[in-house]
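Asker:
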Amino acid sequence: MFKSNSYHDGKVASIAFQGDDLPATVGVMAPGEYTFSTAERETMKVISGELTVRLPGSADWQTFAAGDAFVVPAEASFDVRISRDSAYLCLYG
4 MFKSNSYHDG KVASIAFQGD DLPATVGVMA PGEYTFSTAE RETMKVISGE
54 LTVRLPGSAD WQTFAAGDAF VVPAEASFDV RISRDSAYLC LYG
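First residue of the sequence shown? That's 4 in my numbering, and the numbers climb one at a time after it.
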């Protein structure tokens with residue numbers, strides 16, 4: 004079954020599901036700045052729009068556009084800036 008989640012006062016929403024190989028979420032983010040924490044390794048793929056991300060251990064921001072992906076290690080936090088409505092797919096593990 005699907006599980007819906009809402010974060011940051013409803014500006015980030017996701018639906019969790021079991022992917023072919025790994026648990027996953029598909030979600031959307033409204034413009035803003037957000038910090039997320041990970042329990043396990045996450046591979047995030049931008050589906051639409053763009054995510055500007057400061058990955059753990061980095062002082063630099065990187066922008067990922069539709070079709071790009073990045074990995075966040077387990078037990079870490081990362082910052083995201085969104086300039087326009089954007090969508091993502093996140094695979095866990």
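Backbone N, C-alpha and C define an ideal beta-carbon position, used for all residues, glycine too.
Quick caveat, the model's predicted, so the values are computed rather than measured.
For L92 and V29, what's the separation of their Cα atoms in angstroms?
Answerer: Here residue 92 refers to the residue found at position 89 of the sequence shown. Here residue 29 refers to the residue found at position 26 of the sequence shown. The straight-line gap from Cα to Cα measures roughly 4 angstroms.
Asker: Please classify F67 as buried or exposed, where buried requires at least 16 neighbouring CB atoms within 10 angstroms.
Answerer: Locating residue 67 in the sequence shown gives position 64, where the first residue counts as 1. Buried.
Asker: Comparing the CB of A69 with every heavy atom of the ligand FMN, is any distance shorter than 7 angstroms?
Answerer: Of the ligands one can find in the structure shown there are none, so the ligand FMN has no counterpart to examine.
Asker: Which residues share a DSSP beta bridge with E53?
Answerer: Counting from one through the sequence shown, the residue named residue 53 turns up at place 50. Its beta-bridge partners are A68.
Asker: Could you work out which residue in K6, S9 and G35 is closest to R84 when comparing CA atoms only?
Answerer: As a working mapping, residue 84 is identified with position 81 in the sequence shown. Looking at the Cα atoms, G35 is the closest of the given residues.
Asker: Which residue comes first and which comes last in the beta strand (DSSP E) that contains P26?
Answerer: Counted from its first residue, the sequence shown places residue 26 at position 23. Note, P26: beta strand (DSSP E), P26 to M32.
Asker: Can you give the beta carbon distance from S80 to F20, rounded, assuming they're within the 8 angstroms contact cut?
Answerer: Position 77 of the sequence shown, counting from 1, holds the residue named residue 80. Position 17 of the sequence shown, counting from 1, holds the residue named residue 20. Contact doesn't hold; Cβ gap of about 24 angstroms is too wide.
Asker: Quick one: using the 10 Å Cβ neighbour count with 16 as the cut-off for buried, is S17 buried or exposed?
Answerer: Residue mapping note: residue 17 aligns to position 14 of the sequence shown, counting from 1. When all chains shown are included, S17 counts as buried.
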